[in-house]
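Asker: Counting in numbering that gives the first Met the number 0, the sequence shown runs from 0 upward without gaps.
Here it is, the structure in full.
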Amino acid sequence: MSTPDLRNVYQGYIQCLNQQNWSALGDFVSNDVHYNGKRIGVSGYRDMLERDFKQIPDLHFTIALLVADSATVASRLQFACSPSGVFLGLAVNGRHVHFTENVFYQFEGGKIAHVWSVIDKAAIESQL
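In structure tokens, the structure reads:
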């Protein structure tokens with residue numbers, strides 16, 4: 000896949016997440032997707048995302064940086080949201096926080112096959 004096409008696919012994927020269009024998730028994510036080194040499959044990936052939106056009702060993915068080549072996307076995502084209760088082991092309890100996620104995706108057959116994610120937990124801690 001060419002870099003411009005992969006950028007468009009990724010932007011469509013982020014739109015799918017923001018719309019919580021779970022029936023379309025398989026259009027972007029491989030059935031055998033791995034997340035941070037563990038095979039969770041598309042159903043596990045969907046479960047993870049649904050939990051995220053349940054814990055963070057105002058969750059919205061904003062692309063701050065996007066770099067792509069023919070098989071890989073690197074993105075810095077920004078969040079400004081109010082997680083309910085405990086989030087990442089932190090008692091956020093509905094407070095509005097800002098943080099980023101650095102995430103890398105490896106595509107196979109036009110779909111996300113591997114995801115490596117690091118969330119800036121220290122940024123959240125500094126706001127509590």
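Note that beta-carbon positions come from the ideal geometry of N, C-alpha and C, so glycine has one too.
Keep in mind it's a predicted model, so treat the numbers as computed, not measured.
Is DSSP giving Gln-14 helix, strand or coil here?
Answerer: helix
Asker: Let's see if you can read the secondary structure: which residues bound the beta strand (DSSP E) around Val-32?
Answerer: Per DSSP, Val-32 belongs to the beta strand (DSSP E) from 28-34.
Asker: Measuring straight from C-alpha to C-alpha, what distance separates Arg-38 and Ile-123?
Answerer: 28 Å
Asker: Leu-48 by DSSP, collapsed to three states: which one?
Answerer: helix
Asker: Applying the criterion that 16 or more other CB atoms from any shown protein chain within 10 Å of the CB defines a buried residue, is Ala-67 buried or exposed?
Answerer: Label assigned to Ala-67: buried.
Asker: Any idea what DSSP makes of Ala-112, helix, strand or coil?
Answerer: In the three-state reduction of the DSSP assignment, Ala-112 falls in the strand class.
Asker: Consult DSSP for Val-91 and reduce its assignment to one of helix, strand or coil.
Answerer: Coil, per DSSP.
Asker: Tell me whether Asn-20 sits in a helix, a strand or coil according to DSSP, three-state version.
Answerer: Coil.
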